[in-house]
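The structure appears right after this line, and notes come after that.
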Amino acid sequence: MGELKIRYEPLKEIVVLDYVRFPSVEDLVRFTNVVAGGKAVGIYWTNGIAFIYYPLSPREAVVKSVIEEKKAYWAFLAFAIMPEYQKTVETREKIIAPILDVSSSPLYRKVTEWLKQQEDHMK
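Sequential numbering of the sequence shown, starting at 76, is according to my numbering.
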């Protein structure tokens, strides 16, 4: 086997087509549960924000954009303020969602910084 090269190439841009701020993490959990047809869905957490995103379908043009331009398209981004990390969130309807701490990801940290800026604009 020849020499294996590993190279990190972060995205240069994420284009968010739509986003929604939910009033609570529990509302975000309910939403993800409905969208997933009642199945448990992990929710990301970074920098005091819980969120989930839905990328555009991986069609040829989208894949080409990611590879050539380092640009990703997210069809929808949903979030809620969650100041403290916790491993799970349970709603009053007993829907339990795992919360994944992705704070070590530079990409997700930038996403939550952007969301906080949008939050400031909403006030």
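Glycine residues also receive a C-beta, built at the ideal position from the N, C-alpha and C atoms.
By the Cβ test, the segment 80 to 88 is not in contact with the segment 121 to 138, since fewer than three Cβ pairs between them sit closer than 8 Å.
Leu-86 sits close to Ala-147, with the two beta carbons spaced by under 7 Å. Per DSSP, Glu-159 lies in no alpha helix (DSSP H) and is assigned neither H nor E. Rounded to whole angstroms, Ile-171 and Ala-111 show a C-alpha spacing of 13 Å. Beyond the five residues adjoining it in sequence on each side, Ser-180 comes within less than 8 Å, by CB distance, of Thr-121 in the same chain, given in chain order. Here Thr-166 is near Val-104, since their CB atoms are less than 7 Å apart. Counting the other CB atoms within 10 Å of its CB gives Ala-153 a total of 16 or more, which places it among the buried residues. When the Cα atoms are used, Tyr-128 and Gly-77 turn out to be separated by approximately 38 Å.
Runs of the alpha helix (DSSP H) lying entirely within the segment 123 to 148, each at least 4 residues long, are 135 to 139 in chain order. When only Cα atoms are considered, Met-157 and Asn-108 end up about 18 Å apart.
Nearest to Glu-101 by C-alpha distance, out of Ile-124, Asp-93 and Ile-89, is Ile-124.
In this structure, the alpha-carbon of Val-116 lies about 26 Å from that of Gln-192.
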